[in-house]
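Position one of the sequence shown corresponds to residue 72 (my numbering), numbered consecutively onward.
Cβ coordinates follow ideal geometry from the N, Cα and C atoms, glycine included.
Only a predicted model underlies this, so the values are computations on that prediction, with no experimental measurement involved.
First up is the structure itself, then whatever we jot down about it.
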Amino acid sequence: MALLFDEDYQILKDAGLTFTEDEASRFFIFRDFPLPEGIYTANGQVRATIDVLYIIPPDYNTSGGDMFWVHPQLARADSKPIPNVGTAGPNQDSRTHAGIEYTRWSRHWNQPSVTWKPKVDNIRTIVDRIMWAFTYPDAKRP
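Here it is, written out as structure tokens:
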């Protein structure tokens with residue numbers, strides 16, 4: 072059984088986003104998700120893309136989730152800390168898929184202006200939320 076609805080897959084195709092799915096664990100992995108230019112590094116190298124693991128909840132059309140995980144682990148190019156992210160290792164709420172460890176980014180969407188709208192929001196909302204989190208690494212709305 073697919074993790075998303077047919078229209079969600081069409082949205083991803085139209086946006087040119089690639090992904091893999093693990094239905095058993097409900098992992099949805101965006102491959103080469105675009106990052107804002109010049110903000111992030113991984114292993115000392117500036118990154119233009121990142122793999123993003125997102126857990127699609129069983130009640131996906133009524134609940135959108137509030138965290139995602141990245142590989143490789145990101146740092147800011149300006150050396151400032153990124154709030155509400157985990158690191159690799161035990162007790163960090165990381166996720167492992169196919170032998171690759173993804174580190175946590177926690178962003179909560181419980182403000183009235185950004186709450187999930189059941190049966191209205193879709194994968195585009197999730198993509199927009201992830202993009203927002205990468206664009207504003209201080210985790211504050213502009």
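Would you decide whether residue i is buried or exposed? Buried here means 16 or more other CB atoms lie within 10 Å of its CB.
i, result
"Val191", "exposed"
"Gln81", "exposed"
"Ser165", "buried"
"Ala217", "Since the first residue of the chain shown is 72 and the last is 213, residue 217 is not available in this structure."
"Arg102", "exposed"
"Pro208", "buried"
"Val117", "exposed"
"Ala169", "exposed"
"Thr174", "buried"
"Ile171", "exposed"
"Gln144", "buried"
"Gly157", "buried"
"Phe76", "exposed"
"Arg200", "buried"
Where does residue i fall in DSSP's three states?
i, result
"Ala204", "helix"
"Gln163", "coil"
"Thr91", "strand"
"Val156", "strand"
Which partner residues of residue i appear in the DSSP bridge assignment?
i, result
"Phe139", "Trp176"
"Arg147", "Tyr111"
"Leu83", "According to DSSP, Leu83 bridges with nothing at all."
"Leu124", "Ile100 and Trp140"
"Pro105", "Thr120"
"Ile197", "BP columns for Ile197 are empty, so no partner."
Pop quiz: residue i and residue j are said to be a contact at Cβ under 8 Å. What is the actual Cβ separation, rounded to whole angstroms?
i, j, result
"Glu108", "Phe99", "Not confirmed; about 25 Å, so no contact."
"Leu124", "Phe139", "6 Å"
"Ile127", "Leu74", "4 Å"
"Asn193", "Asp79", "5 Å"
"Ser215", "Asn155", "Outside the displayed span of the chain (72 to 213) sits residue 215, for which this structure offers no information."
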